[in-house]
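Notes follow the structure.
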Amino acid sequence: DKTLYSIRDITSTVSYPPLICSSIMSKKLSEGLGSLVLDVKTGVGSVTGSLEQAEGLARMMVDIGAGMGVETTAVLTEMDTPIGYTIGNSLEIIESLECKKEKSTDCDSALIPLL
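So for the sequence shown, the numbering used here puts the first residue at 2; every next one is plus one.
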């Protein structure tokens with residue numbers, strides 16, 4: 002992946018959607034997943050500057066996942082708006098599981114069906 006990133010820097014293709022998708026999805030799909038939920042960021046600070054670009058990137062990754070036999074869903078979220086109360090992978094996973102088990106009343110009900 003480091004080689005791909007350096008090539009993308011040199012060729013000014015850092016924001017080229019097919020390369021972004023291949024980088025993300027190659028890592029995800031190498032895990033042997035049965036299903037995958039992608040949090041695709043949009044807005045200030047994201048790889049995609051606009052909602053339309055984020056939608057295109059999400060569709061591309063969902064299509065790649067489906068093509069590899071992995072049930073794939075994408076959720077579009079704003080880069081500068083937290084979707085939870087914790088920071089860090091392990092804490093975010095715990096928070097997600099608590100929402101799924103409905104142990105927390107602070108969960109965004111729109112996200113719960115996706116977990």
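Every residue, glycine too, gets a C-beta built ideally from N, C-alpha and C.
Here the structure is a predicted model, which means the values were calculated and not measured.
- Under the criterion of beta carbons closer than 8 Å, Ile-21 and Val-48 qualify as touching, at roughly 6 Å.
- Within the model, the alpha-carbon separation for Gly-35 versus Met-80 is close to 27 Å.
- One alpha carbon belongs to Ser-24, the other to Gly-44, and they sit about 20 Å apart.
- At the C-beta level, Asp-40 and Thr-78 come within 8 Å of one another.
- Lys-42 sits in a strand when the DSSP states are folded into three classes.
- Beta-bridge analysis with DSSP links Leu-77 to Val-41.
- A straight-line Cα-Cα distance of about 12 Å links Gly-57 and Lys-42.
- In this structure, Lys-29 and Leu-37 form a Cβ contact; the two beta carbons are roughly 6 Å apart against a cut-off of 8 Å.
- In this structure, the alpha-carbon of Pro-18 lies about 12 Å from that of Gly-50.
- Distance from the CA atom of Gly-33 to the CA atom of Val-76, rounded to whole angstroms, is 21 Å.
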